[in-house]
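The structure appears below as C-alpha cells.
There are 2 protein chains.
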Amino acid sequence: MIKPKKEHIAVVLNEPRYPENIGAAARAMKNMGFNQLLVVRPYRFDFEKIAKMATHEALEIVESLKTFEDIEEALAPFNYVVGTTARTGRLRRPNGSPRDMAEHIVPISQENQIALLFGSEKWGLTNEDLKYCDYLVTIPTDGFASINLAQSVMILCYEIAMAEREDSLFQPKRASVHELENMYSHLQEVFLEIGFLRPENPEYWMRNVRSLFSRVGLLSKEVQLIRGLCRQFLWYASNKDQSRHPKAAEEP
Amino acid sequence: MIKPKKEHIAVVLNEPRYPENIGAAARAMKNMGFNQLLVVRPYRFDFEKIAKMATHEALEIVESLKTFEDIEEALAPFNYVVGTTARTGRLRRPNGSPRDMAEHIVPISQENQIALLFGSEKWGLTNEDLKYCDYLVTIPTDGFASINLAQSVMILCYEIAMAEREDSLFQPKRASVHELENMYSHLQEVFLEIGFLRPENPEYWMRNVRSLFSRVGLLSKEVQLIRGLCRQFLWYASNKDQSRHPKAAEEP
Numbered sequence: 237m238i239k240p241k242k243e244h245i246a247v248v249l250n251e252p253r254y255p256e257n258i259g260a261a262a263r264a265m266k267n268m269g270f271n272q273l274l275v276v277r278p279y280r281f282d283f284e285k286i287a288k289m290a291t292h293e294a295l296e297i298v299e300s301l302k303t304f305e306d307i308e309e310a311l312a313p314f315n316y317v318v319g320t321t322a323r324t325g326r327l328r329r330p331n332g333s334p335r336d337m338a339e340h341i342v343p344i345s346q347e348n349q350i351a352l353l354f355g356s357e358k359w360g361l362t363n364e365d366l367k368y369c370d371y372l373v374t375i376p377t378d379g380f381a382s383i384n385l386a387q388s389v390m391i392l393c394y395e396i397a398m399a400e401r402e403d404s405l406f407q408p409k410r411a412s413v414h415e416l417e418n419m420y421s422h423l424q425e426v427f428l429e430i431g432f433l434r435p436e437n438p439e440y441w442m443r444n445v446r447s448l449f450s451r452v453g454l455l456s457k458e459v460q461l462i463r464g465l466c467r468q469f470l471w472y473a474s475n476k477d478q479s480r481h482p483k484a485a486e487e488p
Numbered sequence: 237m238i239k240p241k242k243e244h245i246a247v248v249l250n251e252p253r254y255p256e257n258i259g260a261a262a263r264a265m266k267n268m269g270f271n272q273l274l275v276v277r278p279y280r281f282d283f284e285k286i287a288k289m290a291t292h293e294a295l296e297i298v299e300s301l302k303t304f305e306d307i308e309e310a311l312a313p314f315n316y317v318v319g320t321t322a323r324t325g326r327l328r329r330p331n332g333s334p335r336d337m338a339e340h341i342v343p344i345s346q347e348n349q350i351a352l353l354f355g356s357e358k359w360g361l362t363n364e365d366l367k368y369c370d371y372l373v374t375i376p377t378d379g380f381a382s383i384n385l386a387q388s389v390m391i392l393c394y395e396i397a398m399a400e401r402e403d404s405l406f407q408p409k410r411a412s413v414h415e416l417e418n419m420y421s422h423l424q425e426v427f428l429e430i431g432f433l434r435p436e437n438p439e440y441w442m443r444n445v446r447s448l449f450s451r452v453g454l455l456s457k458e459v460q461l462i463r464g465l466c467r468q469f470l471w472y473a474s475n476k477d478q479s480r481h482p483k484a485a486e487e488p
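So this is what it looks like as C-alpha cells:
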C-alpha cells in the first residue's frame, strides 16, 4: 500500500476574511501532519489572532506561511490543484467527495506538488479561480452546505491522512500551473488569430479547452510540444502574407 | 443498506470552556444533519458568542440546546455512549477510529439513543467520565494530538453522516445510562456487603464490572433481572442472622 506524500501537499487559502480561520486551519493541518500553508490576499492579517487560534504547536506553520498578492502566482509551482466548492452548477460539477479525492491523489502525490485550494468565507471560489482546478471536491452536507473554512480544511486533510492505495498506480510528474498558464496564453493567442475565440469573451471557449487538458493531465514535455506548435503557427500567420509557402520556423 | 438514524444521535459537551466552540460545534452539527446538543456545566455560557459562531442557520440548535449541572443526568436517557479521547493509556484503550465507530453504531442507532461525549478543551474526558462510555474513539493524528473541540465534533459527525451498513444487523434496544447507573449502585452495595470491594476504593473493581457489562450491551430486562438478584441477595444478607434458611423475598 502507498500513503499520500503529505510533504507534497499544501493548503492555499484564497482571500480569507478572518485571521482566526487562518490560525484554526494551521492547527488542523498540524493535527493531520501537513506543513505548507499559502495565503492569497488575506482580508486582515492579524498575526496575534492567527497565532492564538493556531496554538503553540502549529506556530511553525504560521511563521513559515507565505502570502501572495495573486492566486496564479501562489499556484504557479503546483502540478495538481484540488478546488473546494459548496455551490454546484454547470461550471461546478464536483468530481467527488473528500474521500474520493483523497484516494485519487494518493498516487499523484508521489511525484507531484498538490494544492488544496479554498475560497473566501464570503463567496468561496469564484468561476475565475476554478479554472486552475484539476479536481473539484464538494463536502457532502445535510441541508446547510456552508461549512466553516477551517472545518473544510480539517475534513480534506483528515481524509488525505486516512487514505491509502495499492502500490501499483504510478503517476508521472505533471506540468506545473506556471507552465500550463503560459501554454494557455499561447493557445489563446493562436485561437484569437484564427478567429476561434471572440475577442470580447475569450474565456468562454478557453474554459472547455482547460477542462479537456485538465482531464488529460499534461506532462511538462507535452506542454513544450504544444507551445512549439503555437510558436510555429504564429510564425506562419505573421508570414503568410509575404509567401504562400512558408518555410519552417527556426525554433520549432 | 441502512444509514445511521441521525435523530437518535446527540452531541454532549462536558464542561466546554469557550462559547465560540459551542457555537462552532452547533454549526458543524447542522452541516452534517444533527440537531440535539447537550451542554454540561459550561465554563461561560455567552449566548451571543455562541450564536455568532453557530451562524443563523444553526441558531435553532443553539436555541433548543439543553444545559445540565451533572454529566450523569445529561446521559441518563441514552442507551449508548461514545467517548472521545486524545490521550490513551491503561484506562483509555480506544475501540477504534471515527470511521470504525461510525460503522459500528449504524445498526445500534436504529433502536437506541446515542450520545457522542466530548470533554473540555483543557483536559478532555476524565477517567470518571469514561466510566459511562461504551465505546472510546481516538481521532488519528500525526504528531500533534490536541484537536479543537468543534473540529472533533465535525469529524465524528462527518464520519457518521458518511457511514452506511448492510441491512441485516439488527440491534435491540439497550438499557439506558439511568437504568445502568442504578444497577451499578445496587451491585456495588452487594459487593461491599460480601467484601468483594474495598470500602476505601470501591471504584477500582467496579471499573472492570462496568467494562464487562458494557461489552455485553445489557438490555432493559436484563438489568431488571440483575437488580432482582441484588434485591434478593440484600434481603438474604439482612436476614441471615435471624434464620439459617431464609425464605424467598416478597419482591424477587
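Those sequence lines, one after another, are chains G and W.
In this text, residue positions in the first sequence follow the numbering used here: the first is 237, and each later residue adds one.
In this text, residue positions in the second sequence follow the numbering used here: the first is 237, and each later residue adds one.
All C-beta atoms in this analysis are idealised placements derived from N, C-alpha and C, irrespective of residue type, glycine included.
Here the structure is a predicted model, which means the values were calculated and not measured.
W:Met268 reaches chain G at Thr377, Asp378, counting residues in chain order whose Cβ is nearer than 8 Å. Closest by C-alpha distance to W:Ala246, out of W:Glu357, W:Pro252, W:Tyr254, W:Gly269, is W:Gly269. Apart from sequence neighbours up to five positions away, the residues of its chain that approach G:Glu256 with a beta-carbon distance below 7 Å are Lys285, Met289, ordered along the chain.
The DSSP-derived three-state label of W:Gly431 is coil. Interface with chain W (9 Å Cβ-Cβ cutoff): G:Glu436 is excluded. G:Cys466 places its beta carbon less than 9 Å from that of G:Glu425. In this structure, the alpha-carbon of G:Gln407 lies about 27 Å from that of G:Leu327.
If you look at G:Phe270, you'll find it isn't in any beta strand (DSSP E); DSSP assigns it neither H nor E.
Per DSSP, the continuous alpha helix (DSSP H) segment holding G:Ala290 begins and ends at 283-290. Cβ contact annotation for W:Leu295 (same chain, cutoff 7 Å, sequence separation greater than five): Ala287, in chain order.
The beta carbon of W:Ala397 sits closer than 9 Å to some beta carbon of chain G. Collapsing the DSSP output to three states places G:Gly259 in a helix. With a minimum length of 3 residues, the unbroken runs of beta strand (DSSP E) contained wholly in the segment 363-410 of chain G fall at 371-373. Taking a 10 Å sphere around the C-beta of W:His292, we find fewer than 16 other C-beta atoms and assign the residue as exposed. Here G:Ile344 is buried: its Cβ has 16 or more other Cβ atoms, across all protein chains shown, within 10 Å. Unbroken beta strand (DSSP E) runs of no fewer than 3 residues, entirely contained in the segment 318-359 of chain G, are found at 350-354, following chain order. In the same chain as W:Ser450, and ignoring 5 residues on each side of it, the C-beta atoms closer than 8 Å to its own belong to Cys369, Asp370, in chain order.
The DSSP-derived three-state label of G:Tyr279 is coil. With the rule of 3 Cβ pairs closer than 8 Å, the segment 351-362 of chain W does not count as touching the segment 417-431 of chain W. DSSP places G:Lys457 in the uninterrupted alpha helix (DSSP H) bounded by 456-475.
In the DSSP annotation of this structure, the continuous segment of the beta strand (DSSP E) that includes W:Ile245 starts and ends at 245-250. For G:Ala260, the chain W residues whose C-beta falls within less than 8 Å of its own C-beta are Asn384, Gln387, listed in chain order. With contacts defined by Cβ atoms closer than 9 Å, G:Arg277 and G:Thr303 form a contacting pair. For the pair W:Leu448 and W:His244, the Cα-to-Cα distance works out to about 25 Å. The CB of G:Glu293 comes closer than 9 Å to the CB of Gly379, Phe380, Ser382 in chain W, given here in chain order. The three-state secondary structure of G:Tyr316, taken from DSSP, is strand. As DSSP reads the structure, G:Lys241 sits in no beta bridge. The bridge partners DSSP lists for W:Phe304 are W:Val276.
Taken through DSSP and simplified to helix, strand or coil, W:Tyr440 comes out as helix. Assigned with DSSP and collapsed to three states, G:Tyr420 falls in helix. In the DSSP annotation of this structure, the continuous segment of the alpha helix (DSSP H) that includes G:Leu295 starts and ends at 295-299. The C-beta of W:Ser333 comes closer than 9 Å to at least one C-beta of chain G.
Scanning chain W for C-beta atoms nearer than 7 Å to the C-beta of G:Ala264 yields Gln387, reported in chain order. Relative to G:Arg446, the option among G:Ile350, G:Asn418, G:Phe469, G:Lys241 whose CA is nearest is G:Asn418. G:Ile375 sits buried, since 16 or more C-beta atoms from the chains shown fall within 10 Å of its C-beta.
For W:Phe469, the closest of W:Leu454, W:Ser456, W:Phe427, W:Asn437 by C-alpha to C-alpha distance is W:Phe427.
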